[in-house]
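Colleague:
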Amino acid sequence: MTDVDQTSSTGEQRKSSGRWRKFRRLCLVLCVLFLLLAVVGWMLLPRIAEKVMSGMIADAGLEQTDFKVREIGWNSAVVEKVVFADGVWRLTADEVTVHYDPFDLMKGRVDHITLVRSVCTLDFPAEEKAAEEETDIEEPTEPSEGEDDEPTSYAWMHQLPVMVEQIGGLTADGLDLTIKRGGRIVRMTMDVSLDSENDQQFGVWLKCPDFNMNAGVATEESVTVITAELDEVLPDSFLHLIETALDLEDRILPEGFTVSGASLSAELLCEGDVMSPLTVTGALERIKYDGGDKPVNLETESAKMQLTQNFSGGGFVFLSGGLDKVSLPLDPSADFVLSQSEGATPGWWTRIEWGEEKSKITGGIEKFELEGTYNERPVSLDDIHLDLVLADDQLNVQGAMSNAGTVLPLKYAHEMTGDDEWQLLGELTIGPIKHDRPMPLLSSATDLFDDITMRGESHSTFSFKVGAYLPFEGKLVTRLSDVGLNVSEGLVTADGLNGTWELHLIPLSDTDPTQPDPSYYTLNLTSKKLHVDSKESLDFDLDHVGEAPVSITGKGRFGGDVAVLDGEMKQLNLHGENGGVEIDLLDTQVEFHMKGDLVTAKGETKLKDNVLPFTYRHVKKDEGEGWNLTGQMEIKAADLKTPVDNAAILIEAMKDKSLTGKLAVKMDFTKGSEQDFDGVLTASVENGTLKFTTEDGPVIEGIKGGIRLSSMKNKQTAGFHRVTATKMTAFDMAMTNLRVDYQMLPNGDIKLNNVGMSALGGNVWLDPFVLPGDDKNYQFKVRMKRIDIAEMAKLFPEFNGKISGRIDGLLPMQNINGDFMPQRGGMYLTPGSSARLRYDAGTKFSGGLDPKGREYQQMKMVEDSLKNLELRVLSIRLFDPRDKDKAVVLRLEGKAPTVQGSPPIILNINGFKPDDDTVDFFDLLLKHRDKLNFGL
């Protein structure tokens, strides 16, 4: 290295060392200045912080700002006796700690604020709606210039993250919050935490006994989204908070509802200067409804919820879920409660709306099933689905349900008016109902519907009113259209049934507790067809005939110990047929009375233009699981003026006979669930006339007697019964003082005893015999005593002679295939009596003979003797008509005292049965002269 180089290098080192010394001096000066400024800043910081915070509070423009700075440090300050208020809110705190960065504080920004023993009050003024309603309505005017009709702007929402960033965060444990609006007050204690992440988002945490909330606010450009999650919610308090904060007139949940828990999510969106509706969704837990004394009770484990609140004031909450328990008291006085059926899974929903207009509630339920017991009978309602709307104090419900397979469509509406003196007017419509099977619901309501199957269509409307000072009053009208009824498994059936059934519910007296229930119901029905299954009791059925329908009217009561019904049946014309015999009971009118299990009736009907008044009664008793019915039907006094020729439809023995007279009939009967119909029939007749309707049939007059069938099953009598008659006309002769004792046997046969009468001047009687109840042949014996021969001769008008005397006789008779035939028998002169024959034979015996001959003299003597013949023997012997040789043998023995030289006359007449039933013995004698034997 040269000297020049060394010198140059040394000079540069000296220069570098001088610059370093200058830099160190500068750094030292700056350090001293910084320390000086730090000392000065540290000394002036409290004043600076106080001025900065005061400026920040002043910039907020609050109505009231009172506070006292107790201490202030490098990064925190403590403020006492804080009172901030503006408009509707007021915040106080015993102590506020503000944490900050000194440099950030210079920019008006702090890191965190902590409130101790803080109180916040929100006092919203009550809306003066009443005053507004009283203000006179004025004509609308044009808006003045400059008047602001623009909607409220919510653009300030986008500044919330920036504003929160200025305070960094906030903590207020044990904040005492009070919200007042009108007469409502909400008080709660909560822990509040607010934390800013940046100038675009921050979070809020609230924790109180009623709920926990975790919320977040995020802003991006001109869109701000607020979200919140709530859990451990006590819904009653939370809903009360919302109702007060939003100034809702009505409860979000109707009166009686309680909710045990909830978890909710909320979202609020502000886009530009427009605020979207607040939306709250979530789930409610253990919802219950209690309606009060003997209430409607509902329980559900969980339900979904969606609440939407518009910032214009309107909003709604939507709830949906299932039902776990239900209790509906339909008749609290009778402990009639319907509960949800086991295994049912119903679903429901409701939407509650509020806003500038009146609140509105809509809802629905489906797959709902109820069951219970009423009057110790099971009742079930299935497949219930309903939709409802409640608005402007008007409730409308529409839907349907099913009872044992019968669908019941229904509509319900009510309207409430007034406040303190409120009135509720409602109407329930059920139908049209298509009936094709029994309805247990009707049977449980009243015994009238026991064992009744209905077919056809019905439509019911129930209108009612009730109020604060108006007791419940209602009217149910049920209309039947072309309905068919089946009573007791076909015992009585009605078709083409039309008309109305009305139930009038009238309030009980509030001054007389002993007054019976004044409520009643009425019947006004007509039936085109009516069928009575009387085969078991009468051996034939009865059917209504005629164009005019049967009319049924009545009035009854359900109240009291037992149900009561008084009614009337008119225009009933019954027709029956049995064994070719027909019967018509026309213009039947019945007045009936039903009281519990007792039924009584009285009325009249026409049989062959004869009026038959009758009475009826029966009592039904329950015996274990079955029932037993005892009754009586009676015709006390019927005057049969028009002959009744169809009584054989009831008593076969009356076949081919007609009856007039005074008739009385009574039947005591029994019938049970396990017992066939049976009865005891008692009948009597006085001054009766019985005519045999066959040709030349006998007529019996003055009949008096009776019958008592101990069993209608086999139609038998207990012992013998007597029937008497004053007169019988038959075979051109009259018989008097008739009598007969009879007994009807279980097999249909009739025993006859003591059959007797006075006839032909003597007495006639029959030996005891059995009259079969079927077409079997039978026989009997006719006995005669002291029969007047002259009276008997009158039966033969062709006989122009005279005969006198009396005879006795025995005549066996036989009925073969319906024809009466005499058997071997005979008639003889009554012992100790005589007879005389006077007969002018003219020349019937001597005619054609030689007057000089001996035969002529003999025949002439016979002719003269017959003119006055004293009979010592008169006998008539009857042989079996099937004997072709001899049918009748007539033997006469006598002498003519007025014919000189006349020997005894003996006549043996052997006759054959002529073609007709009347035997003219003397004509027969003349026709067969060649066979006559005069004993001469």
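Residues 352 to 1287 (the working numbering) make up the sequence shown, in order.
Glycine included, each C-beta is placed from N, C-alpha and C at the ideal position.
Owing to the predicted nature of the structure, the values given are computational and were not obtained by experimental measurement.
Skipping 5 residues on each side, what residues in its chain have a beta carbon closer than 6 angstroms to that of His765?
Modeller: Hits under 6 angstroms: Leu746, Leu775, Gly777.
Colleague: Can you tell me whether Lys480 is buried or exposed? The criterion is at least 16 other CB atoms within 10 Å of its CB, across all chains shown.
Modeller: Below a pLDDT of 50, predicted positions are generally treated as unreliable, and Lys480, at 47, falls in that range; the measurement from the model is reported next regardless. Lys480 should be labelled exposed.
Colleague: Need the endpoints of the beta strand (DSSP E) that Pro822 sits in, please.
Modeller: Run containing Pro822: 821 to 838, per the beta strand (DSSP E) assignment.
Colleague: So the alpha helix (DSSP H) Lys1218 belongs to, where does it begin and stop?
Modeller: Segment: none, Lys1218 is in no alpha helix (DSSP H) and carries neither H nor E.
Colleague: Determine the closest residue to Glu824 out of Phe1230, Asp1191, Pro869, Leu1103, with distance taken between C-alpha atoms.
Modeller: Closest option to Glu824, Cα to Cα, is Pro869.
Colleague: Apart from the five residues just before and just after Leu779, which ones in its own chain have a Cβ nearer than 6 angstroms to its Cβ?
Modeller: Answer for Leu779: Tyr763, Phe813, listed in chain order.
Colleague: CB-CB under 7 angstroms to Gly947, same chain, minus the five flanking residues each way: which ones, in chain order?
Modeller: Excluding positions up to five away in sequence, the list reads Val913, Ala914.
Colleague: Applying the criterion that 16 or more other CB atoms from any shown protein chain within 10 Å of the CB defines a buried residue, is Gly1245 buried or exposed?
Modeller: Per the 10 Å Cβ criterion, buried.
Colleague: In the DSSP assignment, find the alpha helix (DSSP H) that holds Ile593 and state where it starts and stops.
Modeller: Run containing Ile593: 586 to 596, per the alpha helix (DSSP H) assignment.
Colleague: Can you say whether Gln660 is buried or exposed, counting buried as having 16 or more other CB atoms within 10 angstroms of its CB?
Modeller: Buried, by the Cβ-count rule.
Colleague: How far does the beta strand (DSSP E) with Lys886 in it reach, from first residue to last?
Modeller: Run containing Lys886: none in the beta strand (DSSP E); it sits in the alpha helix (DSSP H), 886 to 889.
Colleague: Alpha carbon to alpha carbon, how far is Trp507 from Ile577?
Modeller: If you take the alpha carbons of Trp507 and Ile577, they lie about 14 angstroms apart.
Colleague: From Leu1177 to Arg1090, what does the alpha carbon distance come to, in whole angstroms?
Modeller: Reading off the sequence shown, one finds Gly at residue 1177, where the question assumed Leu. The straight-line gap from Cα to Cα measures roughly 24 angstroms.
Colleague: So, helix, strand or coil for Arg788, using DSSP?
Modeller: Correct three-state label for Arg788: coil.
Colleague: Spell out the partners DSSP gives Trp852 in its beta bridges.
Modeller: Thr829, Leu874.
Colleague: For Glu808, does the three-state DSSP call read helix, strand or coil?
Modeller: Looking at Glu808 - three-state DSSP - the assignment turns out to be strand.
Colleague: Taking Ala1144 as part of the alpha helix (DSSP H), name the residues at either end of that continuous run.
Modeller: Taken as a continuous stretch (DSSP letters only), the alpha helix (DSSP H) holding Ala1144 covers 1140 to 1144.
Colleague: Quick one: grab the DSSP three-state call for Ala566.
Modeller: If DSSP states are grouped into helix, strand and coil, Ala566 belongs with the strands.
Colleague: So what does DSSP say about Pro994, is it helix, strand or coil?
Modeller: The answer is strand: DSSP assigns Pro994 an E or B state.
Colleague: Please name the residue in Val555, Lys1211, Lys1017 whose C-alpha comes closest to that of Ser1253.
Modeller: With distances taken between Cα atoms, Ser1253 lies closest to Lys1211.
Colleague: Specify, as a first and last residue, the run of the beta strand (DSSP E) that Pro512 falls within.
Modeller: Careful: Pro512 lies outside any beta strand (DSSP E), inside the alpha helix (DSSP H) at 511 to 518.
Colleague: Can you give me the Cβ contacts of Phe662 inside the same chain, cut-off strictly under 8 angstroms, excluding the 5 residues immediately before and after it?
Modeller: Closer than 8 angstroms at Cβ, skipping near neighbours: Thr503, Tyr505, Met626, Pro628, Leu629.
Colleague: Can you tell me where the beta strand (DSSP E) holding Leu545 begins and where it ends?
Modeller: Its beta strand (DSSP E) spans residues 535 to 549.
Colleague: Kindly identify the DSSP beta-bridge partner or partners of Asn1166.
Modeller: Bridge partners of Asn1166: Tyr1129, Phe1171.
Colleague: Considering only the alpha carbon of each residue, which of Ala634, Lys1132, Lys432, Thr529 lies closest to Val297?
Modeller: Only positions 352 to 1287 of the chain appear in this structure, which leaves residue 297 out of reach.
Colleague: When burial is assigned at 16 or more other CB atoms within 10 Å of the CB, is Asp561 buried or exposed?
Modeller: Buried.
Colleague: In whole angstroms, what is the alpha-carbon distance linking Thr981 and Leu893?
Modeller: Thr981 and Leu893: Cα-Cα distance of roughly 21 angstroms.
Colleague: So, does the stretch 1194 to 1205 touch the stretch 1150 to 1161, judging by three or more C-beta pairs under 8 angstroms?
Modeller: The answer is no - the stretch 1150 to 1161 does not touch the stretch 1194 to 1205, with fewer than three Cβ pairs under 8 angstroms.
Colleague: On a Cα-Cα basis, can you pick out the residue from Asn875, Pro858, Asp474 that is closest to Ser867?
Modeller: Here the sequence assigns Pro to residue 867, which means Ser is not the residue at that position. Nearest of Asn875, Pro858, Asp474 to Pro867, Cα basis: Pro858.
Colleague: Using the beta-carbon count (16 or more within 10 Å), is Val449 buried or exposed?
Modeller: Answer is buried; the Cβ neighbour count reaches 16.
Colleague: Between which two residues does the beta strand (DSSP E) harbouring Pro964 extend?
Modeller: Element bounds for Pro964: 961 to 974.
Colleague: Using three-state DSSP, classify Ala989 as helix, strand or coil.
Modeller: Ala989: strand per DSSP, three-state reduction.
Colleague: Helix, strand or coil for Tyr763? Go by DSSP, reduced to three states.
Modeller: Three-state result, Tyr763: strand.
Colleague: So what's Arg602 in DSSP terms, helix, strand or just coil?
Modeller: Arg602 falls in the coil class under three-state DSSP.
Colleague: Give me the Cα-Cα distance between Lys1136 and Gly1112, rounded to the nearest whole angstrom.
Modeller: Each residue's Cα considered, the two are about 9 angstroms apart.
Colleague: For Ala1069, which residues from the same chain have a beta carbon less than 7 angstroms from its beta carbon, with the 5 sequence-adjacent residues on both sides left out?
Modeller: Hits under 7 angstroms: Arg1059, Ser1061.
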